[in-house]
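The structure under discussion appears below in the form of structure tokens.
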Amino acid sequence: MSTLTIKNLHVQLENKPILNGIDLTVRKGQTCVLMGPNGSGKSTLGNTLLAHPACRVERGSIKFGKHMLSKMKTDEIARAGVLLALQHPQAIPGVSVTNLLTIAARKFPQPKNFKMAHFRQEIKDTAKALHTPDEFLSRSLNEGFSGGEKKKMEILQLSLLPAKCIVIDEIDSGLDIDALKLVAKQISKLRKRGVSLVIITHYNRILRWLEADRVHIMHKGKIVKSGTSALAKDIEKNGYAAYINE
Amino acid sequence: MHQAKRGISREIVEEISAIKNEPQWMRELRLNAYEEFMRLPVPTWGPDLSGLHFDEITYYQRTEEGRYKNWEEVPADIKNTFEKIGIPQAERAFLAGVIGQYESEGFYQKLRPKWEDKGVIFCDTDTAVQKYPELVRKYFMTDCIKTKEHKLAALHGAVWSGGTFLYVPKGVHIDMPLQTYFRMNARASGQFEHTLIIVDEGASVQYIEGCTAPIYGTSSLHAAVVEIFVKKGARSRYTTIQNWSKDVYNLNTKRAIVEEDGIQEWVGGSLGSKTTMLYPCSILKGRGARAEHLNIAVAGPGQHKDTGAKIMHLAPNTSSTVISKSISFGGGISTYRGLLKIIKGAKGSVSHVQCDALMPDNISVSNTIPYIKVDEEDVTLGHEAKVGRISESQVFYLMSRGLTEEEAINLVVQGFMEPIIKTLPLEYAVELNRLISMEMAGSLG
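Residue numbers (my numbering), protein chains in the order written: chain A, 1355 to 1600; chain B, 31 to 475.
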């Protein structure tokens, strides 16, 4: 099955070492949470999973099922089923989320009975579930959107493309509590579909609605502690100090 | 094969008029224009025109000459281009400039009965000179664009040929865009076509000419003139896409006179050519007249696009909007050159100009030269200019949704052009998108 396996991953960003030997395994359908203070390398790990051109893999490997992600291009990784909800989604003037999704959907292997008309309806239904007004589906993507609207658009896109593993980078920043609940509910739906989740977060607010199988604490580009959801609860109470001073 | 004469002389101008069997007034107009042409200097305020040699140009071709004798002679890269844009097979030979691939009257013939009953005239301008001399004489290079204005207008007046004549009578609304499908229409295309559009009071029309596909003509100069008269309460939209081959100087003069409460919309796309100078002009003459200018210019390697808009607010409550988009890549130069004039007394006038440039690399050039002269205080003005790049982050974002790098760049470019593209008929929009992505694909790493 499609297990995400990261082995001894060393990554540089602008010639500075950011990740210094990450080992991580996320089995199919598992929800894995990566926590850590700012600058611990969480987002770099997320970006490296999708081969962001600024992230240079120095050593180690990333594998997803039979795919060696660390040797693939961003679009190939996406089409292999590994998708990323960005921390800072980009504005694409003149391109609506509907435009983008209808183009993107054709790039993925789709079931034989895939119908574009049906897909368009699914876009609308998912937007509704996220309480996103229809007009956001035809406006320029992320242009002038609030932080919360951008995050919803990320989850909308990832829900509609045939994902097997989803990396979610700081989805909780910029979302108010009601929006966060809706987003968490949508993520739970994906989880029920058997999608693996890698949730990168600074706080554990979102974990009130999402149950984590594994929680990992990152610090200075390494995983310094791994545990269950109890670990996240402990951090909520006591902060990172106890783990990062080790 | 018949070899047309090169260069220009009084005799050649007279010969053109004689071949066309023109009335005396048109012959005189041509000869006067020729005198102006000889007198006027080559404009030096814009792009370098020193490579333009008036003596080496063929001004009129008696037989319809082509660049190639048959389809087999057409070079592979041209054939390839047509293949990639998806030009129908039937049109490819014509576009490549193969002799004898013309079908000139078809479209007009089909259209005629439907609108003729309402008094609409839609024909090529040569025919109009013969059949509707009073109308043509009244409007042809008289009040709108005069032959003495500049060297190219004068040259055009002397040697013009072809183009479209369109008259829409009072109160007639033509509900479908009229097209000169000029990629299949030899008489409407050419080097010096003259388009004359008169939209009478309360009437409306949309007219589209041009061609997104590259045209491989025989000449290195294209100097068209478009004159539009928008009468009281009338509405006109003129759309053109041009894609001349990359050795052509494309120097056009286009102008509309808009009367009270009239609306003129210009939609233009400029691809191809070596150097393009084009600044459609709206003269807002009547109270409440309005102009909208939408333009997109694409400048690739070795190309210089000097395009813009000229707007004269001559009456109260007139309004204008300009949206100009340019893409420069591979060392191409694009310049927005604008003139906005509001005279004293044009109270309550409103104008907004927006220039957006997209430059995906560091070797290309984008300039904005907006000239504004306002002599009235009670006006509202806005001017925005932005230069954008295709960021690595945007490309990564789109690639993270499964698009290849090339598709990601294309999508950003398409999005940039969207405000213009959405006003085009579908087949033009599709071809334009394909063409631009194809041109850019060659230049971007």
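By construction, the Cβ of each residue, glycine as well, lies at the ideal position given by its N, Cα and C atoms.
- In terms of Cα proximity to Gln294 (chain B), the closest of B:Asn273, B:Ala233, B:Ile326 is B:Ala233.
- Per the C-alpha coordinates, the member of A:Arg1545, A:Leu1534, A:Leu1495 positioned closest to Pro1516 (chain A) is A:Arg1545.
- Arg317 (chain B) carries a coil assignment under DSSP once its states are collapsed to helix, strand and coil.
- Beta-carbon to beta-carbon, Asn280 (chain B) and His252 (chain B) are separated by about 5 Å, close enough to satisfy the 8 Å threshold.
- Listed along the chain, the chain A residues whose CB falls inside 9 Å of the CB of Pro390 (chain B) amount to none; the nearest CB is some 14 Å away.
- The segment 347-399 of chain B contains, as complete beta strand (DSSP E) runs of 3+ residues, the segments 349-358, 363-372, 379-388 (chain order).
- Phe446 (chain B) has a beta carbon lying within less than 8 Å of a beta carbon in chain A.
- At a cut-off of 8 Å, the C-beta of Arg431 (chain B) has a neighbouring C-beta in chain A.
- Below the 7 Å Cβ cutoff, chain A contributes Ile1446 as neighbours of Val442 (chain B), in chain order.
- Around Arg167 (chain B), the same chain offers Trp55 as residues with beta carbons nearer than 7 Å, after the five sequence neighbours per side are excluded.
- Secondary structure at Pro1447 (chain A): strand, using DSSP grouped into helix, strand and coil.
- Around the Cβ of Ser1580 (chain A), a 10 Å sphere holds fewer than 16 other Cβ atoms; the residue is exposed.
- Per DSSP, Asn1401 (chain A) is one residue of the alpha helix (DSSP H) stretching across 1396-1403.
- DSSP places Arg431 (chain B) outside any alpha helix (DSSP H), giving it a letter other than H or E.
- Fewer than three pairs of CB atoms, one per stretch, sit closer than 8 Å, so the segment 452-465 of chain B makes no contact with the segment 1459-1474 of chain A.
- In this structure, DSSP gives Trp145 (chain B) a helical state, which the three-state scheme calls helix.
- Around the beta carbon of Tyr237 (chain B), 16 or more other beta carbons lie within 10 angstroms, which makes this residue buried.
- Separation of the CB atoms of Pro71 (chain B) and Lys181 (chain B) is rounded to 7 Å, and the pair is thereby assigned contact status at 8 Å.
- Cβ contact annotation for Met171 (chain B) (same chain, cutoff 6 Å, sequence separation greater than five): Thr177, Gly187, in chain order.
- Ser358 (chain B) has a beta carbon lying at 8 Å or more from every beta carbon in chain A.
- Judged by their CB atoms, Met468 (chain B) and Phe359 (chain B) are not nearer to each other than the 8 Å cut-off.
- Inter-segment contact for the segment 1382-1402 of chain A and the segment 1561-1568 of chain A is present: three or more beta-carbon pairs are separated by less than 8 Å.
- With its beta carbon less than 8 Å from one in chain A, Ser423 (chain B) belongs to the interface.
- Sequence-distant partners of Glu414 (chain B) (beyond 5 residues in either direction) whose C-beta falls short of 6 Å from its own C-beta, in its chain, are Gln384.
- In the DSSP assignment, Pro163 (chain B) falls within the alpha helix (DSSP H) that extends over 163-169.
- Nearest neighbour of Tyr458 (chain B) by Cα position, chosen from B:Ile227, B:Pro207, B:Pro390, B:Thr194, turns out to be B:Pro207.
- Between Ser364 (chain B) and Ala327 (chain B) the beta-carbon gap is near 5 Å, inside 8 Å, which marks them as a contact.
- A straight-line Cα-Cα distance of about 37 Å links Ala1439 (chain A) and Asn397 (chain B).
- Within 9 Å of the CB of Phe1462 (chain A), the CB atoms of chain B belong to Gly432, in sequence order along the chain.
- Contact between Gln1540 (chain A) and Asn1496 (chain A) is absent: CB atoms are separated by about 18 Å, not below the 8 Å threshold.
- According to the DSSP assignment, Leu1544 (chain A) belongs to the alpha helix (DSSP H) that extends over 1531-1546.
- In its chain, beyond the 5 residues on either side, no residue has a beta carbon closer than 7 Å to the beta carbon of Glu41 (chain B).
- Taking the Cα of Asp1526 (chain A) as reference, the smallest distance to any Cα among A:Ile1431, A:His1406, A:Tyr1557 is reached at A:Tyr1557.
- Looking at the DSSP output, Gly338 (chain B) bridges to B:Arg367.
- For Met1507 (chain A), the uninterrupted alpha helix (DSSP H) segment begins and ends at 1501-1514.
- Where Tyr197 (chain B) is concerned, the enclosing beta strand (DSSP E) starts and stops at 194-198.
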